[in-house]
Every structure is written in structure tokens, then in C-alpha cells.
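Using this note's numbering, read the sequence shown as starting at 28 and increasing by one per residue. Ideal Cβ positions, reconstructed from N, Cα and C, are used throughout, including at glycine. Remember, it's a predicted structure, so these values are computed and weren't measured experimentally. Inspection log for the structure reproduced underneath, given as C-alpha cells.
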Amino acid sequence: MVDEIKRAKDAAYRSLSYRQRSRKELTDKLKEKKFSDKVIEDVIQGLEEYNYINDADFAFNWAESRVRTRRIGPIILRSELLKKGISKDIVDKTLKEIYNKYNERLLAIDALNSKAKMLRDMPENKKKRRLYSFLMQKGFSCEIINEILGEMEIEIKGA
Numbered sequence: 028m029v030d031e032i033k034r035a036k037d038a039a040y041r042s043l044s045y046r047q048r049s050r051k052e053l054t055d056k057l058k059e060k061k062f063s064d065k066v067i068e069d070v071i072q073g074l075e076e077y078n079y080i081n082d083a084d085f086a087f088n089w090a091e092s093r094v095r096t097r098r099i100g101p102i103i104l105r106s107e108l109l110k111k112g113i114s115k116d117i118v119d120k121t122l123k124e125i126y127n128k129y130n131e132r133l134l135a136i137d138a139l140n141s142k143a144k145m146l147r148d149m150p151e152n153k154k155k156r157r158l159y160s161f162l163m164q165k166g167f168s169c170e171i172i173n174e175i176l177g178e179m180e181i182e183i184k185g186a
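Structural data, given as C-alpha cells:
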């Protein structure tokens, strides 16, 4: 059993050396390697004691990275974090922190601008449908999308 715990710890350290992981992700990795539930729980608890695994830190770092690099909205981000086994309370707190730091509306506008350039020769009504769909797929709320597209329409008419 001691040997199995050592092998499980080594596998966990190796996995964590590539990137930070949630408790659930690391548990799943160790289960894939056929370690017993008791050994996995012991290893995970030890890693949590030394703060090698911390779901709150993981959630914030993951969310910040995704928002900065992919410009995604809170709907997609919530879904991703829940799939990674992060508790609903931590997800809610993380989303609040992230979208206080990164304005959701400005992220949506930034994503929209990059996509709109590709669609500039398209008829206006078709372009608007495509942009709406694009922002929905990125996880932005209908309110934000309608507000931004409404402003875009005013700018086009005013120009």
C-alpha cells in the first residue's frame, strides 16, 4: 500500500507539473491509472494540505486565462468550470471577480470587432445575425449582445 501511495503521489506531481488542476481533474487522472479510491483520497488530501491543489485558485486562474486569450463570456466560463468539478459557490465567486476585473461588455465588443472585420462585405441583416450567433457561442448574455448590436446599428446609420 505504501508503494501504491508513492506511485500515486508521483503520478499526481507529474500531472501537476504540466499545469494546475482541479481536485476532480486530478482524481480522474489517478482513477485512469487504476489507483484505489482510498489511495487517491489520501494523496489528494495531502496535496490539498500543502496547497498543491486549491479549487478556488485553479478556478480563478483558469477563468482569467480563458477570458484573456479567448474572450469568452460568463455562460461558457460557468459551464467549463462546472465540468472541471468546481463547486457552484466557487464558480459564482470566480465569475464575479473575473467580470469585475474584465468588463463583460468590453470583452464582447472586442470579440465582435475582430469578427465584424471578416464580415464587412456581407449585407447588414445577415451580418447582424452572424454576429449575434457568434457572441452567443462565445457565452455572452442576450442583454449584452442586443445592447452592443443595437449600438452598432446606430453607428452604421449615423455614419
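Taking the C-alpha atoms as reference points, what is the distance between A186 and E107? The residue labelled residue 186 in the question sits at position 159 within the sequence shown. The residue labelled residue 107 in the question sits at position 80 within the sequence shown. Bear in mind that the predicted position of A186 carries a pLDDT of just 40, short of 50, making it too unreliable to give a figure here.
Residues of its chain near K56, where Cβ-Cβ distance is below 8 angstroms and the 5 sequence neighbours each way are ignored: The sequence position of residue 56 within the sequence shown is 29, counting from 1. Taken in chain order, the residues that qualify are A38, A39, S42, R48.
Kindly indicate which residue of M163, L122, Y126, K123 has the alpha-carbon position closest to the one of K142. For the purposes of this step, residue 142 is identified with residue 115 of the sequence shown, where counting begins at 1. Comparing Cα-Cα distances from K142 to each of M163, L122, Y126, K123, the minimum goes to M163.
For a test of the three-state rule: what should DSSP assign to I172, helix, strand or coil? The residue labelled residue 172 in the question sits at position 145 within the sequence shown. The answer is helix: DSSP assigns I172 an H, G or I state.
Can you check the stretch 119-179 for any alpha helix (DSSP H) of at least 4 residues that lies completely inside it and give the ranges in chain order? You should have 131-145, 151-164.
Give every residue of the same chain whose Cβ lies closer than 8 angstroms to the Cβ of S63, excluding the five residues on either side of it in the sequence, and list them in chain order. Along the sequence shown, read from residue 1 onward, the residue named residue 63 stands at position 36. Closer than 8 angstroms at the Cβ level, and outside the excluded window around S63, lie E31.
Give the DSSP-derived three-state secondary structure of F87 in the structure shown. Here the question's residue 87 lines up with position 60 in the sequence shown. Note: F87 maps to helix in three-state DSSP.
Please identify the residue among I175, E91, L109, I113 whose C-alpha is closest to the C-alpha of I80. Position 53 of the sequence shown holds residue 80. The shortest CA-to-CA distance from I80 to any of I175, E91, L109, I113 is the one to I113.
Out of W89, A135, L122, S44, which one is the CA nearest neighbour of L176? Residue numbering aside, residue 176 sits at position 149 when the sequence shown is read from its first letter. It is A135 whose Cα lies nearest to the Cα of L176.
My understanding is that P101 touches Y126, with C-beta atoms under 8 angstroms, so please give their C-beta distance in whole angstroms. Along the sequence shown, one-based indexing puts residue 101 at 74. Along the sequence shown, one-based indexing puts residue 126 at 99. At roughly 6 angstroms, the Cβ-Cβ gap stays under 8 angstroms, so P101 and Y126 are in contact.
Measuring straight from C-alpha to C-alpha, what distance separates I71 and F161? Locating residue 71 in the sequence shown gives position 44, counting from the first residue. Locating residue 161 in the sequence shown gives position 134, counting from the first residue. Near 39 angstroms, if we compare the C-alpha coordinates of F161 and I71.
Neighbourhood of E75 by C-beta distance below 8 angstroms, restricted to the same chain and skipping five residues each side: In the sequence shown, the residue the question calls residue 75 occupies position 48. Once the five neighbours on either side are set aside, the close Cβ partners of E75 are R50, N81.
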